[in-house]
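Q: Here it is, the structure in full.
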Amino acid sequence: MTRATGRWPKADPDSGVEDATLLILEWLGEQGVGAMIRVDAERIRDGRPAWTFAAGGGPLLEGMRADGRSVTECIGGALLKLREAGLDVPF
């Protein structure tokens, strides 16, 4: 068994945004934004985009949602929408 070296892993910029997802959620919470990401098994079975990101509160004037067929697509779309809403997400 390995010992934990810290609370959060360091994001690897070459491995994709999915590695930074928890860091993004934590940062949003620190800004007063409630956020979540989920996967819907029923939508997977139906061949629809199964990943959903939702956020609201804090500096967001209204809630927002982004969907995707993969966690990368979902979070990538969410980051674009968050930046359009004026949040400069540092990841």
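Under this note's numbering, think of the first position of the sequence shown as 18, with each following residue one higher. Note that the Cβ used here is the ideal one computed from N, Cα and C, for glycine as well.
Quick check on the burial criterion: 16 or more other C-beta atoms within 10 angstroms. Buried or exposed for V56?
A: Taking the sequence shown and counting its residues from 1, one reaches residue 56 at position 39. Exposed, since its Cβ has fewer than 16 Cβ neighbours within 10 Å.
Q: Can you look up R55 in the DSSP assignment and give me helix, strand or coil?
A: Sequence index remark: in the sequence shown, residue 55 carries index 38 (1-based). Looking at R55 - three-state DSSP - the assignment turns out to be strand.
Q: In terms of residue numbering, what span does the beta strand (DSSP E) encompassing R82 cover?
A: If you number the sequence shown from 1, residue 82 lands on position 65. Where R82 is concerned, the enclosing beta strand (DSSP E) stretches over M81 to G85.
Q: Work out the CA separation of L45 and G74 for me, nearest whole Å.
A: Locating residue 74 in the sequence shown gives position 57, counting from the first residue. Locating residue 45 in the sequence shown gives position 28, counting from the first residue. Their Cα atoms are separated by approximately 10 Å.
Q: Give a yes or no on whether the C-beta atoms belonging to E90 and P107 are separated by under 9 Å.
A: On the sequence shown, residue 90 is found 73 positions in, with the first residue counted as 1. On the sequence shown, residue 107 is found 90 positions in, with the first residue counted as 1. Contact flag unset, no.
Q: According to DSSP, simplified to helix, strand and coil, what is A72?
A: Here the question's residue 72 lines up with position 55 in the sequence shown. Looking at A72 - three-state DSSP - the assignment turns out to be strand.
Q: Taking Cβ positions, are G51 and A83 nearer each other than 9 Å?
A: Looking up residue 51 in the sequence shown gives position 34. Looking up residue 83 in the sequence shown gives position 66. Contact flag unset, no.
Q: For L40 and I92, what's the separation of their Cα atoms in angstroms?
A: Counted from its first residue, the sequence shown places residue 40 at position 23. Counted from its first residue, the sequence shown places residue 92 at position 75. Computed Cα separation, rounded: 12 Å.
Q: Going by alpha carbons, who is nearest to M53 out of R100, R60 and W68?
A: Translated into positions along the sequence shown, residue 53 becomes position 36. Considering only alpha carbons, the answer is W68.
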